[in-house]
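Working notes, beginning with the structure itself.
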Amino acid sequence: MEDTRCAWVNDDPLYIAYHDEEWGKPLCDDQKLFELLMLEGMQAGLSWYTVLKKRARFREVFDRFDPNKIVHYDEAKIAELMSDPGIIRNRLKIDAIIRNAGVYLQICEEHGSFAEYLWSFVGGVPTINHWKTRADVPASTAQSDEMSKALKKKGMKFVGTTICYAFMQASGMVNDHSLNCFCRRKEDVAGH
């Protein structure tokens, strides 16, 4: 018998592995959270599947999303990124990642860690939702509105409320696995 997954998953093994092993699992590593938020921003106007297929190349050309390196990218590096067919070549989005790296460093300095800051929008623990169908899942929530507003105020770009909510779902800040999804059933059995 085949496992039932969330309705958004297609039959590509890459997408299945992402759903089964990453999506919705609580992520607390500063740099991985930065990477995920930047990739969610790259998704704007596209699909996550498109970004996921290019993620390995993004990691290569963006120095594994090390903000300490990204903050120093110059026009030559931007030109190199803009000519790379392996990533999404959108100048506004690339500029946003560079700008956001500086904001990330500022947040870490002010709050001790990026993870601590971001997780504060859900009170430090995952919000467990009980959506029956894909149509029940909202595009944004009061918490994603708050996160978006705070990040924008600090100077981040491509962090609208819909992007923030997708990020919160992916990073496990909210658990939006559908009730019939085997990942949800595993978590319920484990007592989460």
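Residue 147 in this note's numbering is what sits at position 133 of the sequence shown, and the numbering runs on without skipping anything.
The beta carbon of each residue, even a glycine, is placed where N, CA and C say it ideally should be.
How many Å lie between Cys195 and Cys42 at the Cα?
Looking up residue 195 in the sequence shown gives position 181. Looking up residue 42 in the sequence shown gives position 28. Roughly 23 Å separates the two Cα atoms.
Whole-angstrom distance between Ala58 and Phe172, CA atom to CA atom:
Within the sequence shown, residue 172 is the residue found at index 158, counting from 1. Within the sequence shown, residue 58 is the residue found at index 44, counting from 1. So the alpha carbons of these two residues sit roughly 8 Å apart.
Residues of its chain near Thr155, where Cβ-Cβ distance is below 7 Å and the 5 sequence neighbours each way are ignored:
Taking the first residue of the sequence shown as 1, we reach residue 155 at position 141. Excluding sequence positions up to five before and after Thr155, its CB lies within less than 7 Å of the CB of Tyr179, all in the same chain and listed in chain order.
Using the C-alpha atoms, what's the distance from Tyr118 back to Phe128?
The residue you call residue 128 lines up with position 114 of the sequence shown. The residue you call residue 118 lines up with position 104 of the sequence shown. Rounded to whole angstroms, Phe128 to Tyr118 spans 7 Å at the Cα level.
CA-to-CA distance, Arg71 to Ile111, given in whole angstroms:
As a working note, residue 111 is residue 97 in the sequence shown. As a working note, residue 71 is residue 57 in the sequence shown. Approximately 15 Å between the Cα atoms of the pair.
So Asn143 and Val188 are supposed to be a Cβ contact under 8 Å. How far apart are they, rounded?
To locate residue 143, count along the sequence shown from 1; it is residue 129. To locate residue 188, count along the sequence shown from 1; it is residue 174. About 6 Å separates the two Cβ atoms, so the contact holds.
If you run the structure through DSSP and keep just helix, strand and coil, what is Thr141?
As a first step, residue 141 must be located in the sequence shown, where it is residue number 127. Strand.
Does the segment 95-109 touch the segment 74-83, meaning 3 or more C-beta pairs lie closer than 8 Å?
Under the Cβ criterion (8 Å, minimum of three pairs), the segment 74-83 counts as touching the segment 95-109.
On the criterion of 16 or more Cβ atoms from any shown chain inside 10 Å, does Asp190 qualify as buried, or is it exposed?
As a working mapping, residue 190 is identified with position 176 in the sequence shown. Result: buried.
Give the single residue among Pro152, Asp150 and Ile177 whose Cα lies nearest to the Cα of Lys163.
Position 149 of the sequence shown, counted from the start, is the residue given in the question as residue 163. In terms of CA proximity to Lys163, Ile177 leads the group Pro152, Asp150 and Ile177.
To the nearest angstrom, report how far apart Gly186 and Lys83 are at their CA atoms.
Indexing the sequence shown from 1 puts residue 186 at position 172. Indexing the sequence shown from 1 puts residue 83 at position 69. The alpha-carbon atoms of Gly186 and Lys83 are separated by roughly 27 Å.
Pair within 8 Å by beta-carbon distance, Lys68 and Gly100:
Here the question's residue 68 lines up with position 54 in the sequence shown. Here the question's residue 100 lines up with position 86 in the sequence shown. Yes. Within cutoff.
Could you give the first and the last residue of the continuous alpha helix (DSSP H) run that contains Pro27?
Start at 1 with the first residue of the sequence shown, and residue 27 comes out as number 13. Residues Pro27 to Glu35.
Nearest to Ala153 (by Cα), restricted to the options Ser134, Ile102, Met182 and Gly126:
Here residue 153 is taken as the residue at index 139 of the sequence shown, counted from 1. Answer by Cα proximity: Met182.
Going by DSSP in three states, Asn114 sits in which element: helix, strand or coil?
For the purposes of this step, residue 114 is identified with residue 100 of the sequence shown, where counting begins at 1. Collapsing the DSSP output to three states places Asn114 in a helix.
Got a sec: is the Cβ-Cβ distance from Phe196 to anything in chain C below 8 Å?
Here there is only one protein chain, and chain C is not present.
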